[in-house]
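**Student:** Next up is a structure, given as structure tokens.
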Amino acid sequence: MPELPEVEIVRRGVDEHVVGTNVTSVQVRRRDVILGVDSRSPREVQRALLRSDVVERTDRRGKYLALIGRSGRAVIVHLGMTGSLRVLTQPPDPDERHVHVVWKLSREGETKYLAFRDPRRFGFIRACASVDELEHLLEHLGPDALSISAAQLRAAFHGRKAPVKAALLNQRLLAGVGNIYADEALYRARIHPALPCGQLRAEELSRLAAAIRQVLRMSLDGGGSSIRDYRNSSGRPGRFQQRHRVYGRGGKSCPGCRGVLEVARLAQRTTTFCPQCQPIRGSMHLMK
Numbered sequence: 084m085p086e087l088p089e090v091e092i093v094r095r096g097v098d099e100h101v102v103g104t105n106v107t108s109v110q111v112r113r114r115d116v117i118l119g120v121d122s123r124s125p126r127e128v129q130r131a132l133l134r135s136d137v138v139e140r141t142d143r144r145g146k147y148l149a150l151i152g153r154s155g156r157a158v159i160v161h162l163g164m165t166g167s168l169r170v171l172t173q174p175p176d177p178d179e180r181h182v183h184v185v186w187k188l189s190r191e192g193e194t195k196y197l198a199f200r201d202p203r204r205f206g207f208i209r210a211c212a213s214v215d216e217l218e219h220l221l222e223h224l225g226p227d228a229l230s231i232s233a234a235q236l237r238a239a240f241h242g243r244k245a246p247v248k249a250a251l252l253n254q255r256l257l258a259g260v261g262n263i264y265a266d267e268a269l270y271r272a273r274i275h276p277a278l279p280c281g282q283l284r285a286e287e288l289s290r291l292a293a294a295i296r297q298v299l300r301m302s303l304d305g306g307g308s309s310i311r312d313y314r315n316s317s318g319r320p321g322r323f324q325q326r327h328r329v330y331g332r333g334g335k336s337c338p339g340c341r342g343v344l345e346v347a348r349l350a351q352r353t354t355t356f357c358p359q360c361q362p363i364r365g366s367m368h369l370m371k
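The sequence shown lines up with residues 84 to 371 when you count with this note's numbering.
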């Protein structure tokens, strides 16, 4: 599933092509991926998706991307597991069954197309009648992981017994981190994934906040992680998966101590860690 770096890379790639464009038409190929529109009228659905509007700016909150119109209307795009937003110079093939929505965009005599594609349909598009509605829908998200501080982590984790790995995946506590970057950040911070998050010491919180920011910025610089389906707005894969230290490397040697990386199930997610570099303390244990 695309995480913060991948969504931010898509936003940046889309931004330069869509900001300032007139949305001359919106083709809806699958109505069931669109939320927030009660009307069955195709015209009303298209209007809610910014038809006849001007794209004023783009935004990102955690793993959510937004297109905001000059009218105040907005569209939230969630890529789910396999979703993508592609900028095209020609409309996508009508027979491409995984393309669900296509925006036709015009600016200074140039026409481009923005296509939302999602083979497994875990993603969605949410229409918002106003920026206030957009803010309300995303207000449940915790602080953005790209700029997270130790103080923010301390406030989010205070009094909680959940394993730190589970806490990092909780978007209400921290927005944007998923399984890949949770494993990578915990390894860099030398913190065992099963440590109850409320028991993190001050120096551990500082290390973890710094590690989260570092790994996300490194991924941004590397074009994101393409494990299976992720592609940027131009259709190119990322490269940061080549620099993963633990994610997806269970059973292989640790890049730090050369011990064997272990794999366990935690918070219903596969978790990879080094038992030597991320030593367990207290009575913590992982479900194998």
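Glycine included, C-beta positions come from ideal geometry on N, C-alpha and C. This structure is a prediction, so every number in the text was calculated from the model and none was measured.
Evaluate contact between the stretch 152-159 and the stretch 214-221, counting only Cβ atoms and requiring at least three cross-stretch pairs below 8 Å.
**Tutor:** Segments in contact, yes.
**Student:** Rounded to whole angstroms, what is the Cα-Cα separation between CYS211 and ALA250?
**Tutor:** So the two alpha carbons sit approximately 29 Å from each other.
**Student:** Can you tell which of ASP98, GLU191, VAL120 and ASN105 has the C-alpha that lies nearest to the C-alpha of ALA149?
**Tutor:** Checking every option, the nearest Cα to that of ALA149 belongs to ASP98.
**Student:** Report buried or exposed for LYS423, applying the criterion of at least 16 other Cβ atoms within 10 angstroms of its Cβ.
**Tutor:** Past the edges of the chain, shown from 84 to 371, lies residue 423, and the structure says nothing about it.
**Student:** Please give the ranges of any alpha helix (DSSP H) in the stretch 84-137, keeping only runs that are unbroken, at least 4 residues long and fully inside the region.
**Tutor:** You should have 87-101 and 125-131.
**Student:** What does DSSP give as the partner residue(s) for THR354 in the beta ladder?
**Tutor:** Note: THR354 sits in a beta bridge opposite ALA347.
**Student:** Need the endpoints of the beta strand (DSSP E) that ARG300 sits in, please.
**Tutor:** Looking at the DSSP string, ARG300 is not in any beta strand (DSSP E); the run it does join, the alpha helix (DSSP H), is 285-304.
**Student:** Whose C-alpha, out of THR355, GLN359, ARG328 and ARG326, is nearest the C-alpha of GLY342?
**Tutor:** Ranking the options by Cα distance to GLY342, first place goes to GLN359.
**Student:** Mapping the DSSP letters down to three states, classify VAL182 as helix, strand or coil.
**Tutor:** Three-state result, VAL182: strand.
**Student:** Taking the C-alpha atoms as reference points, what is the distance between GLY96 and HIS183?
**Tutor:** Taking the straight line from one Cα to the other gives about 20 Å.
**Student:** Considering only residues of the same chain and omitting the five flanking positions on each side of SER289, which have a CB-CB separation below 8 Å?
**Tutor:** Answer for SER289: ALA233, listed in chain order.
**Student:** By the three-class DSSP mapping on this structure, what secondary structure does GLY307 have?
**Tutor:** Coil at GLY307, not helix or strand.
**Student:** Any contact between the stretch 188-198 and the stretch 226-246? By contact I mean 3 or more CB pairs, one from each, below 8 Å.
**Tutor:** Counting Cβ pairs under 8 Å, fewer than three are found: no touch.
**Student:** Going by the CB atoms, is the gap between LYS248 and PRO276 shorter than 8 Å?
**Tutor:** It is a contact, given that the beta carbons lie within the stated cut-off.
**Student:** In angstroms, rounded to a whole number, what distance separates the CA positions of SER230 and ARG326?
**Tutor:** About 21 Å.
**Student:** Let me make sure I understand the geometry here. Which of ARG348, ARG314 and PHE205 has the alpha-carbon closest to that of ASP266?
**Tutor:** The option with the nearest alpha carbon to ASP266 is ARG348.
**Student:** Taking the alpha carbon of SER167 as the reference point, which residue from PHE205, VAL137, ARG144 and CYS337 has its own alpha carbon closest?
**Tutor:** The option with the nearest alpha carbon to SER167 is PHE205.
**Student:** In the structure shown, what three-state DSSP assignment does MET370 receive?
**Tutor:** No answer about MET370 holds up, because its pLDDT of 47 lies below 50 and its placement is not dependable.
**Student:** Can you tell me whether ARG364 is helix, strand or coil according to DSSP?
**Tutor:** Correct three-state label for ARG364: coil.
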